[in-house]
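So the structure is just underneath, and the comments pick up after that.
Number of protein chains: 2
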Amino acid sequence: MTSRVITLKELAASLDLSITTVSRALAGHEQIALKTRERVAQAARQAGYVPNTAARTLVSGRSGFVGLVLPIRGPNLVDSFLGEFVTGLGEGLVSHGADLILATAALGHSELSVLRHVVESGRADGVVVTRIAETDVRLAYLRERGFPFVAHGRLLDSDFGYNWLDTDGAHAFGEAFDMLYDLGHRHFGLVTISEAMTFRLLRQDGLAAAIARRGDPSVRLDVVTAPRFDQAARIEVVNGMLRGPDRPTAIVALFDELALTVMEEAARAGLGMPRDLSVIGFDNIAASAYAPPGLTTFDASIRHCAREIADMLLTVIAEKPGKPLTRLIRPTLVARASHGPVPRTRS
Amino acid sequence: MTSRVITLKELAASLDLSITTVSRALAGHEQIALKTRERVAQAARQAGYVPNTAARTLVSGRSGFVGLVLPIRGPNLVDSFLGEFVTGLGEGLVSHGADLILATAALGHSELSVLRHVVESGRADGVVVTRIAETDVRLAYLRERGFPFVAHGRLLDSDFGYNWLDTDGAHAFGEAFDMLYDLGHRHFGLVTISEAMTFRLLRQDGLAAAIARRGDPSVRLDVVTAPRFDQAARIEVVNGMLRGPDRPTAIVALFDELALTVMEEAARAGLGMPRDLSVIGFDNIAASAYAPPGLTTFDASIRHCAREIADMLLTVIAEKPGKPLTRLIRPTLVARASHGPVPRTRS
DNA sequence: ACCGAAATTTAAAACGTTTGCATTCTTGCA
DNA sequence: TGCAAGAATGCAAACGTTTTAAATTTCGGT
Chain A
1 MTSRVITLKE LAASLDLSIT TVSRALAGHE QIALKTRERV AQAARQAGYV PNTAARTLVS
61 GRSGFVGLVL PIRGPNLVDS FLGEFVTGLG EGLVSHGADL ILATAALGHS ELSVLRHVVE
121 SGRADGVVVT RIAETDVRLA YLRERGFPFV AHGRLLDSDF GYNWLDTDGA HAFGEAFDML
181 YDLGHRHFGL VTISEAMTFR LLRQDGLAAA IARRGDPSVR LDVVTAPRFD QAARIEVVNG
241 MLRGPDRPTA IVALFDELAL TVMEEAARAG LGMPRDLSVI GFDNIAASAY APPGLTTFDA
301 SIRHCAREIA DMLLTVIAEK PGKPLTRLIR PTLVARASHG PVPRTRS
Chain B
1001 MTSRVITLKE LAASLDLSIT TVSRALAGHE QIALKTRERV AQAARQAGYV PNTAARTLVS
1061 GRSGFVGLVL PIRGPNLVDS FLGEFVTGLG EGLVSHGADL ILATAALGHS ELSVLRHVVE
1121 SGRADGVVVT RIAETDVRLA YLRERGFPFV AHGRLLDSDF GYNWLDTDGA HAFGEAFDML
1181 YDLGHRHFGL VTISEAMTFR LLRQDGLAAA IARRGDPSVR LDVVTAPRFD QAARIEVVNG
1241 MLRGPDRPTA IVALFDELAL TVMEEAARAG LGMPRDLSVI GFDNIAASAY APPGLTTFDA
1301 SIRHCAREIA DMLLTVIAEK PGKPLTRLIR PTLVARASHG PVPRTRS
């Protein structure tokens, strides 16, 4: 047992060839006689030869890894699409022979410091950066270093180009507004968050733009802002909107978790959906299908986006394109039962 | 821009010391004068020196990585606890300075071949193996190689020792039975799967053992088996149990996804829960809290288990303990509203 | 001032690849 | 048969560390 791993030198010796020739044969170099290439391939397969990653990385400068720094989350909170995201990344990478490394920030270490470590230790040839904040030090760092990366999400205003893939939240929120408007709604609510993430502004702007486009002065929009992680505070904010004297007939939530809170609190307040209130979310998390009456939302197909991001990143690494690669993915409406026509006038 | 990474040689030159001394100083060797150690640490910090992983791995034989091979899933199916699991692993690893590498199996490559590649290329010092099948080639391979690993889950009968951490599903299913029995239930249903995973047998055995322990001959148990991934077939199987002439008053599902299907179909058949039917699941996935009337289930705290697994694996790597490390985690009951007293006799 | 031991530092090999350059082997043609 | 050109293979350096063994410096005691 405990069989040792075979090395190139040993393989070469067993074939009575030099390491150079074996290395080249395995790499498929034309200059090595075809017969030799086949002989070597055969022997390597039979011996179960697998090249040592560290040695290969050291000399070639390419690790074959792509890095992802796990966002730091509270003790009981897990990024709800992390699973889908890494699955998609894995799928995208494997077709090019690359793999994923996941680095976690230890307590007291910033996400940036972990990123630096991943980059500067040569562990990865490129990185994926998610959850872009309104001013994001990570992008600035990567750009300064000239290190290949793709961002999942965008900055609002950047004075430099970079590669990104984003979900078109602005479009989705406009679509939600148009649909609700056509159902007769005029009084809207938006539940957003206080965390400085760019996606909240993009989505809110998309909603505002759609309202402006419509040009109907009777349209009203109330906006409330909840803290990101404090569930109790979140409930309070939602109730402020729901239990006020003049509540909206349609509420759009920045993402599904918020929408589910709205639905729970609405039900608790005795409001039926969509009879008394329409609610629309964003993300299409698993629970949204189950929460009565079924949350209407937008599906961003995280897994597909992640696969795309992997492809983009590998392109960036291999070809260093002059122009930044960018890609805007339009989410698809998942119409369930939480939205409907505006309620008959209540005094 | 594109600042180069500093190397040990350069750092040494700038300090007018040999690389040996600098290397040792950074490693904190006692034999290097304290004053020198401090001077080197200071210079390294200031220069932002990060040791090259490949070089370090090559010479030391330790990569500082732990591997996880992503289970192959269908195009639209993602392991529902992957996110929690990798988060937990990351947390466990980072406190020891290790990181995670995620390898995906390409189409047409078996999970085993990916595992071999990870192991034999020296990318990882140890691996985590999840979703243990009833006869699992991966464990046999790792054992033969003598490669450090921890399994999440157990084999039923193994002629060799290995390190594992498992959720005590047998206990949970026994607990579910006892609770339901005390609520008056005598006719039970179990919805299980056809996939040859060990956890299905462990849980089913736990249920059977609890029934036997009770020694009440009036207790009946109906078992139906659904295919793992075919939702349509799953629904059909569930309906076979629900719509039969003599249906159970309490149904235990192997895991929450199945339980949710049971609840949906029961609702569709006009059965109220828990009035007409009690349902209990396992896993406590996010949707279970939202699916009406709220699924009673068991929480296995995947994240915590994963953290524990990381700790175990790092211990195995560092200390190569003689006895296998094993750990059985008791899941906690999450009592919601899907279970209750047995319905008043119906003819 | 000198010796020896202790304290501190260094030279050089090794890890397993890839690759630029040099060498050896074939082969066709004179 | 001899020679040149092309085909095939091999030598040795390099990648950036860690580590063994050896060298150098320091210093107390005489």
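Keeping their order, the protein sequence lines are chains A and B. Numbering-wise (the numbering used here), the first sequence opens with residue 1 and increments by one. Numbering-wise (the numbering used here), the second sequence opens with residue 1001 and increments by one. Backbone N, C-alpha and C fix where the C-beta goes; we use that ideal spot for every residue, glycine too.
Local Cβ density within 10 Å of residue i, reported as buried at 16 or more and exposed below that
| i | result |
| --- | --- |
| B/P1352 | Outside the modelled stretch of chain B, which goes from 1001 to 1347, sits residue 1352 of chain B, for which no answer is possible. |
| B/P1148 | buried |
| A/D166 | buried |
| B/H1171 | buried |
| A/L328 | exposed |
| A/E30 | exposed |
| A/E38 | exposed |
| B/L1142 | buried |
| A/T192 | buried |
| B/R1303 | buried |
| A/G92 | buried |
| B/R1268 | exposed |
| B/D1230 | exposed |
| A/D283 | buried |
| A/T225 | exposed |
| A/F160 | exposed |
Cβ of residue i within 8 Å of any chain A Cβ
| i | result |
| --- | --- |
| B/H1171 | no |
| B/H1117 | yes |
| B/S1158 | no |
| B/E1265 | no |
| B/D1079 | yes |
| B/G1083 | yes |
| B/L1313 | no |
| B/L1070 | yes |
CB contact check: residue i to chain B, cutoff 8 Å
| i | result |
| --- | --- |
| A/N52 | yes |
| A/T87 | yes |
| A/F14 | It should be pointed out that residue 14 of chain A corresponds to Ser in this sequence rather than to Phe. Judged by the 8 Å Cβ criterion, A/S14 is not in contact with chain B. |
| A/L11 | no |
| A/L112 | no |
| A/S63 | yes |
| A/L260 | yes |
| A/V5 | yes |
Supposed close pair residue i, residue j - CB separation, criterion 8 Å
| i | j | result |
| --- | --- | --- |
| B/I1309 | B/H1152 | 6 Å |
| B/A1082 | B/V1128 | Residue identity differs from the one stated: residue 1082 of chain B is Leu in this sequence, not Ala. 12 Å between Cβ atoms; not a contact. |
| A/V351 | A/L26 | Any question about residue 351 of chain A goes unanswered here, given that chain A covers just 1 to 347. |
| A/V238 | A/E265 | 5 Å |
| A/F298 | A/T326 | Wrong, their Cβ atoms sit about 20 Å apart, outside the cutoff. |
| A/R203 | A/L155 | No, A/R203 and A/L155 are not in contact; Cβ-Cβ is about 15 Å, not under 8 Å. |
| B/G1174 | B/A1212 | Incorrect: roughly 10 Å between the Cβ atoms, too far for contact. |
| A/A67 | A/R123 | Checking the displayed sequence, the identity of residue 67 of chain A turns out to be Gly instead of Ala. That belief holds up - the Cβ atoms of A/G67 and A/R123 are roughly 6 Å apart, short of 8 Å. |
| B/L1011 | B/A1033 | That belief does not hold up - the Cβ atoms of B/L1011 and B/A1033 are roughly 17 Å apart, past 8 Å. |
Residues within the stretch 177-190 of chain A neighbouring chain B, beta-carbon criterion of under 9 Å: none
Interface positions of the stretch 1091-1105 of chain B facing chain A (Cβ-Cβ less than 8 Å), listed along the chain: Residues passing the 8 Å Cβ filter: E1091, L1093, V1094, S1095, D1099, L1100, I1101, L1102, A1103, T1104, A1105.
Stretch pair the stretch 310-322 of chain A + the stretch 280-299 of chain A: three plus CB contacts closer than 8 Å: Output reads no: the stretch 280-299 of chain A does not touch the stretch 310-322 of chain A.
Near-chain B residues of the stretch 270-292 of chain A (beta-carbon distance less than 9 Å), N- to C-terminal order: I285, A286, A287, S288, A289, Y290, A291, P292
The stretch 268-282 of chain A touching the stretch 122-141 of chain A, judged by at least three CB pairs closer than 8 Å: no
Short-range partners of chain B found in the stretch 32-58 of chain A, where Cβ spacing is below 9 Å: G48, Y49, V50, P51, N52, T53, A54, A55, R56, T57, L58
Contact set between the stretch 1220-1237 of chain B and chain A, restricted to residues whose Cβ is under 8 Å from the partner: none
Cβ pair count under 8 Å reaching 3, the stretch 252-261 of chain A against the stretch 1259-1271 of chain B: no
The stretch 93-107 of chain A touching the stretch 1100-1110 of chain B, judged by at least three CB pairs closer than 8 Å: A contact is defined here as three or more CB-CB pairs under 8 Å, and the stretch 93-107 of chain A meets this definition with respect to the stretch 1100-1110 of chain B.
Residues, ordered as in the chain, of the stretch 120-153 of chain A that lie near chain B by beta-carbon distance below 9 Å: Cβ contacts with chain B: E120, S121, G122, R123, R143, E144, R145, G146, F147.
Contacting positions in the stretch 1017-1033 of chain B - beta carbon closer than 9 Å to chain A: none
Cβ-based contacts, 8 Å cut-off: residues of the stretch 1296-1310 of chain B near chain A: R1303
Three CB pairs or more closer than 8 Å across the stretch 1235-1249 of chain B and the stretch 1183-1203 of chain B: yes
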